[in-house]
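K.L.:
First, the structure itself, so that you have it in front of you.
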């Protein structure tokens, strides 16, 4: 049963409509394999990421700045390689086989890290108790370590760029219920990421700190194996993606043809080469011309008397492009300012894997008489926030907000991401204040020159900055993931979705650059120690946090400009009716029935 509401064709999913129910049931079943596989993969990835800093410092004997940069460079490489994974999927392999190949590569990397932790000859000798100096790992020991790390980065890039898209494509966006299900899918996808991360910061961190690195990394290897098993097990249920032409080549064709025709008068001819093509599912696919970036329209402009388009055959795309091709390039260009506006936030997120942990390692972490919280495990608080807030957001906030905003998603993707940027700035401000408190306690107890001593201040002081970061991720990452997926051209959906991870990568790289530049600049003073010396108790870490907070605020202002400038491919603010509400509720009921059956 279909109803016309405004400009929307709404398909009402009723219990008696067997076809739509069967389709939605199959989509959620396939998604369950994606959720579980992603949970295990993220458990493995974070199991390494969150313990790497302490491993580099205490086992491999790297300096404090070198260890921090080693972590951020590793995470940055994993995320920026997501762009390569997306390109391979969109161009050569389909998403499933790209994920399988990537997981094999990632698994080999974890094996090498396990060997580095388990084999004594792959580590430098322990620090001598009679000397304050420690011998850093030699070249061959570093080679095994970094080979393992960057194999993990290569494999993780392919998984992270394609797995969310593989799950989202199980739902038919041509149906209204399928479009609403995609929005819910990304919330639950982020939920699975958070559950995997929660296990990493509790179980893996505890075993690593209290048993050994070897057993902690053994759990990581097992988690990666289970991830590959679950994702491969869903092979028979996944909707298959058909190959398309290379998205980069298509973009190049538009740019080349537009440049070649740059001297055409924009107002002389409104005759465009506009034909209907088919998407990866074989359904009609066409984008109508927009007014933005009109200089690119020349790529599809037919000059007077042109013989390029001959009936019954397609002209060379290096001579004339379709309007749809041109609009796909325009859409991708419109995404770039939004993408760039999220890099600074991810620079702040990088501090959770480095300096936040360094702070926690100096604080009182005892709980009761026999238990001590691992410094890295304090990051379970933002994950707890996400695990609790994501279902609440999906089940309560969205239906409530929709009644006021008339938007099927509650608020727009860009509004959701903007809220996360505000939380990110607030978290860095709180982190700076907590660091001032920690230094004051260390000074009062004469511990400034004893960085290995425990400062009598509870690690609980770090909880607020972690909790607010959890809210920032709940809003920003999920909002951006759905935004890039729903707005990106079909020919480059994996590449566009991977922009989230590229932003995370550049944020980590930027953090490394800031650390190096600030250390070099601030060491020019009288004491030559700088803001970030090896002795964290003598650092000016609060100044570093204030600087990142200020940059985040300025970035938020830039984001507001670009968010207002952006024009959605499908307008999100159109009226919503009770019939759409009914379709949404029916889809929710279907998901609950599927979960109960599972």
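Residue numbers (the working numbering): 794 to 1391. Every residue, glycine too, gets a C-beta built ideally from N, C-alpha and C. Nothing here was measured: the structure is a model prediction, and the numbers come from that model.
1) Indicate whether residue 1009 and residue 835 have their beta-carbon atoms separated by less than 8 Å.
2) Residue 995 to residue 1155, Cα distance in whole Å?
3) Beta carbon of residue 821: closer than 7 Å to some heavy atom of the ligand SAH?
4) Measure the C-alpha to C-alpha separation of residue 1361 and residue 1022 and round it to an integer number of angstroms.
5) Of all the alpha helix (DSSP H) runs that stay within the bounds of the segment 839–890, which reach a length of 4 or more residues?
6) How about residue 909 and residue 941: do their beta carbons lie closer than 8 Å?
7) Need the endpoints of the alpha helix (DSSP H) that residue 1201 sits in, please.
8) Which of helix, strand or coil does DSSP assign to residue 1157?
9) Tell me which residues share the same chain as residue 1258 and place their Cβ nearer than 8 Å to its Cβ, disregarding the 5 neighbours each side in the sequence.
10) According to DSSP, residue 1251 sits in a beta bridge with which residue or residues?
11) Please identify the residue among 1331, 900, 917 and 863 whose C-alpha is closest to the C-alpha of residue 1232.
12) How many Å lie between residue 1397 and residue 1245 at the Cα?
13) If you scan the segment 1265–1316 from start to end, which runs of the alpha helix (DSSP H) of 4 or more residues do you find wholly inside it?
14) Between residue 1065 and residue 1095, which are expected to be in contact by the criterion C-beta below 8 Å, what is the C-beta distance as a whole number of angstroms?
15) According to DSSP, is residue 899 part of a helix, a strand, or is it coil?
16) Output the distance between the C-alpha atoms of residue 900 and residue 938, rounded to the nearest integer angstrom.
17) Leaving out five residues before and five after residue 1208 in sequence, what residues of the same chain have Cβ atoms less than 7 Å from its Cβ?
18) Classify residue 1056 as buried or exposed, calling it buried when 16 or more other Cβ atoms lie within 10 Å of its own Cβ.
19) If we ignore side chains and look at the alpha-carbon of each, how far apart do residue 1130 and residue 1334 end up?
20) Residue 1082 by DSSP, collapsed to three states: which one?
21) Start and end of the alpha helix (DSSP H) containing residue 1067?
22) Using a Cβ-Cβ cut-off of 7 Å (strictly less than) and excluding sequence neighbours within five positions of residue 1235, which residues of its own chain qualify?
23) Put residue 1094 into one of helix, strand or coil per three-state DSSP.
24) Please report the distance separating the alpha-carbon of residue 1163 from that of residue 1003.
25) Does the segment 973–984 come close enough to the segment 837–844 to have 3 or more Cβ pairs within less than 8 Å?
26) Exposed or buried, residue 1120, counting other C-beta atoms within 10 Å across all chains shown (16 or more means buried)?
27) For residue 873 and residue 949, what's the separation of their Cα atoms in angstroms?
28) Where DSSP assigns a beta bridge to residue 1164, which residues make up the other side?
29) Give the secondary structure of residue 1191 by DSSP, where H, G and I count as helix, E and B as strand, and everything else as coil.
30) Can you tell me where the alpha helix (DSSP H) holding residue 1348 begins and where it ends?
31) Check whether the segment 865–882 and the segment 1282–1297 are in contact - that is, three or more C-beta pairs closer than 8 Å.
32) With 16 other CB atoms within 10 Å as the buried threshold, where does residue 769 fall?
33) Assuming residue 875 and residue 1007 are in contact, meaning their beta carbons sit under 8 Å apart, how far apart are those beta carbons, in whole angstroms?
34) Relative to the alpha-carbon of residue 1345, which residue among 951, 1142 and 1049 has its alpha-carbon at the smallest distance?
35) Taking the continuous alpha helix (DSSP H) assigned at residue 1008, which residues delimit it?
36) With residue 1000 as the anchor, note down where its alpha helix (DSSP H) starts and where it stops.
P.N.:
So, to answer that:
1) It is not a contact, given that the beta carbons lie outside the stated cut-off.
2) For residue 995 and residue 1155, the distance between alpha carbons rounds to 19 Å.
3) The ligand SAH is not part of the structure shown, which contains no ligands of any sort.
4) Distance from the CA of residue 1361 to the CA of residue 1022, rounded to the nearest whole angstrom, comes to 38 Å.
5) Runs found: 857–884.
6) Yes.
7) Premise fails: residue 1201 is in no alpha helix (DSSP H) and is neither H nor E.
8) DSSP places residue 1157 in the strand class (E or B) of the three-state scheme.
9) Apart from sequence neighbours up to five positions away, the residues of its chain that approach residue 1258 with a beta-carbon distance below 8 Å are 1149, 1220, 1221, 1223, 1224 and 1227, ordered along the chain.
10) Partner(s): 1157.
11) The residue with the shortest Cα to Cα distance from residue 1232 is 1331.
12) Past the boundaries of the shown model lies residue 1397; the chain is included only from 794 to 1391, so the question cannot be answered.
13) Counting only unbroken stretches of 4 or more residues, the alpha helix (DSSP H) elements lying wholly within the segment 1265–1316 are 1286–1290 and 1292–1315, in sequence order.
14) Rounded, the Cβ-Cβ distance is 6 Å, consistent with contact.
15) DSSP, reduced to helix, strand and coil, places residue 899 within a helical segment of the structure shown.
16) Cα to Cα, residue 900 sits roughly 14 Å from residue 938.
17) Result list for residue 1208: empty, nothing under 7 Å.
18) In summary, residue 1056 is exposed, with fewer than 16 beta-carbon neighbours lying within 10 Å of its beta-carbon over all protein chains present.
19) Approximately 30 Å, taken between the alpha carbons.
20) Coil at residue 1082, not helix or strand.
21) Here residue 1067 belongs to no alpha helix (DSSP H), and DSSP marks it neither H nor E.
22) Answer for residue 1235: 1241, 1248 and 1330, listed in chain order.
23) Correct three-state label for residue 1094: strand.
24) Each residue's Cα considered, the two are about 12 Å apart.
25) Taking 8 Å as the limit for Cβ pairs, the verdict is that the segment 837–844 does not touch the segment 973–984.
26) Looking at its Cβ environment, which holds 16 or more other Cβ atoms inside 10 Å, residue 1120 is buried.
27) In this model, residue 873 and residue 949 are separated by some 10 Å (Cα to Cα).
28) In the DSSP output, where bridge partners are listed per residue, residue 1164 has 1160.
29) Helix at residue 1191.
30) It spans 1334–1358 - the alpha helix (DSSP H) in which residue 1348 sits, taken as one unbroken run.
31) Touching, per the Cβ criterion.
32) In the structure displayed, the chain extends from 794 to 1391; residue 769 sits before or after that span and is not available.
33) Contact doesn't hold; Cβ gap of about 29 Å is too wide.
34) Comparing Cα-Cα distances from residue 1345 to each of 951, 1142 and 1049, the minimum goes to 1142.
35) Start and end: 1006–1026.
36) Counted as a single uninterrupted DSSP element, the alpha helix (DSSP H) harbouring residue 1000 occupies residues 998–1003.
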